[in-house]
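In my numbering, the protein residues as written are 67 to 670. What follows is a set of notes on a single structure, which appears directly below.
Written out as structure tokens, the structure is:
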């Protein structure tokens, strides 16, 4: 970790004061530039899509005009209805003149490469490639609009068999069907934007809306071929799914006619515009890759970053120079501090000036003087502490002496045959041995319960009534580790507040329960005394909820001490629970983890 002195921190702080706002301004500016570029991109996408839409509408109008031209030709429709009323010469003349007229019309519109009229009347002779009989192909089964359509029925006339956008309409005379009119335009002429790209970032797509009869669901089928696929970026399944949701999202029960959408997949982000062409049941889509703006934004970011870096360096060295000129007295103060650090408490710095540094110099001199006097006081206190520690050690030696004395008395009772006295002394010795082991902070549950049994045994010796201890500990939980002296104080409280005031035989239950959470169990101590009223319970709950450390002034271990040690060993989520009903007794529950570690580090 890099350590900076005060002047460096000051320089750094002043630099940050200027650089951070400057950086924020740069970030905001970059955001505005990005938003502007995105809006420009979206507007450009909408404009290109509108051009494509207008071109398609123009081609649809061209098809409609040709259809009207054929339907309005009364001589042709009448001839298709009753050709048998004409002689052979008239039939030939009609066919030649009408075909020539239609061919001249087609020449005026170069994009129309095919106009075919099918007659339902078998008596009408064919004149290829314009007049044909309906039975020559499956013209009746064709959709109103066909895409990438090839007229296979033209046989060897390969020059007329391009992939085309084709419309097939009924030809009628006085509302009676007499045939079909079929108009075709090369796909590359009808959708020229599918075959060429403006640049590497822009792509155009066209989709047919087709009802899947098996799923009864509309599908979007792309209008494409090998040439189209080579000329544009692939449209992944992820982009398709997102686009499909956008197209068929209903607003107030209606489908949108068009709009803008940002399409994303694993590899790209595309700003897109789309529009429906209801006359053909198709959707046009124009997309622009985000890479178009990312590259320009990256260049702008690099330039700004270089400029910002240069500005930061120049500003840093300028502030550093000015700061060093103003920091002479501060360095003098630092020199005095270093003398104190090396052990010279008699160090004094020269006080100059009338500013904050002057105040710091005066404070330093006062501080060194106070340090000298406080060190003298500390020496006296250390002597007092040493005396106190000696007394504490003597007390501990006295406790061990008492324990050893009890062992001697026990042996005398054994020799004298005083079995009851022997047992009582043995139990008392076990209690003292358990209490004296304060370096051990956790014990097994069964050890704590044995200690409680010894405690109850001694209580029964001194009282003229019997306290019964009932335990119900599941075998697999007997060896779990718990904080030492966590259950005995609860038993002691039960004796002091629930049993001793009544002065009669009583029962104390110590048992375990499964916790509501799988990682913990409950250690329960229950008495059947007078219980605790609600006001006292609320007072205890508030007392235990206060996490401030509190040392018991009496030297005993109370509920707060148990909660403090439980929090220290297990965590803040482990809280004592007190349940009590007046006249029925009190239940205190201690949560402990199943996998608590004892002092040896072994997991229980």
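From the three backbone atoms N, C-alpha and C, an ideal C-beta is built for every residue, glycine too. Values in this document were obtained by computation on a predicted structure and should not be read as measured data.
For residue 273, the uninterrupted beta strand (DSSP E) run begins and ends at 268-278, by DSSP. Here residue 168 carries a helix assignment [DSSP, helix/strand/coil]. Beta-bridge partners assigned by DSSP to residue 659: 586. Within the DSSP bridge table, the entry for residue 197 names 183 and 193 as partners. Judged by beta-carbon spacing, residue 240 lies beyond the 8 Å limit of residue 229, meaning their Cβ atoms are not closer than that value. As for any beta strand (DSSP E) of minimum length 3 sitting wholly inside the segment 303-382, the runs are 324-330, 335-343 and 348-355, ordered along the chain. Cβ atoms of residue 652 and residue 595 come within 8 Å of each other, at about 7 Å. Here the segment 556-568 lies against the segment 578-595, with 3 or more beta-carbon pairs under 8 Å apart. Between the segment 201-217 and the segment 275-284, the count of C-beta pairs closer than 8 Å stays below three; the two stretches do not touch. Considering only 263, 190, 272 and 259, the residue with the shortest C-alpha distance to residue 244 is 190. The beta-carbon separation of residue 118 and residue 354, rounded to 13 Å, does not stay under the 8 Å limit for a contact. Taking each of 311, 178 and 184 in turn and checking the Cα distance to residue 253, the smallest one comes out for 178. Inclusion of residue 309 and residue 327 in the CB contact set at 8 Å is warranted, their separation being smaller than that value.
Within 10 angstroms of the beta-carbon of residue 658 lie 16 or more other beta-carbons, which makes it buried.
Residue 203 and residue 158 have their C-alpha atoms some 23 Å from each other. Going by DSSP, residue 550 is part of no alpha helix (DSSP H) at all; its letter is neither H nor E. No Cβ-Cβ contact shorter than 8 Å links residue 570 with residue 547. Bounds of the beta strand (DSSP E) holding residue 214 are 211-215. Exposure of residue 373 is indicated by the presence of fewer than 16 other C-beta atoms within 10 angstroms of its C-beta. Annotated three-state conformation of residue 581 is coil, per DSSP. Between the segment 598-614 and the segment 639-646 there are three or more inter-stretch CB-CB distances shorter than 8 Å, so the stretches are counted as touching. Scanning the segment 386-449 for uninterrupted alpha helix (DSSP H) segments of 4 residues or longer gives 394-407, listed from N- to C-terminal end. With respect to residue 517, residue 531 sits apart: the two C-beta atoms are not nearer than 8 Å. If you check the CB distance, residue 520 and residue 628 do not come in under 8 Å. For residue 260, the closest alpha carbon among the candidates 115, 582, 646 and 636 is that of 115. Residue 305 is positioned such that its CB atom lies closer than 8 Å to that of residue 336. Judged by pairs of C-beta atoms under 8 Å, the segment 373-389 touches the segment 76-85, as three or more such pairs exist.
Between residue 434 and residue 590, the alpha-carbon positions lie close to 58 Å from each other. Straight through space, the alpha carbons of residue 601 and residue 494 are spaced by roughly 38 Å. Residue 135 is a Cβ neighbour of residue 171, given a cutoff of 8 Å.
C-alpha of residue 103 to C-alpha of residue 344: approximately 32 Å in a straight line. Burial check for residue 578: the Cβ neighbour count within 10 Å reaches 16 or more, so the residue is buried.
Taking the C-beta atoms as reference points, residue 77 is found no nearer than 8 Å to residue 397. For residue 277, same chain residues with a beta-carbon under 7 Å away, outside a window of 5 residues either side, are 284 in chain order. Just measuring C-alpha positions, the residue of 124, 293, 550 and 196 sitting nearest residue 512 is 550. When secondary structure is reduced to three states using DSSP, residue 384 falls in the helix class.
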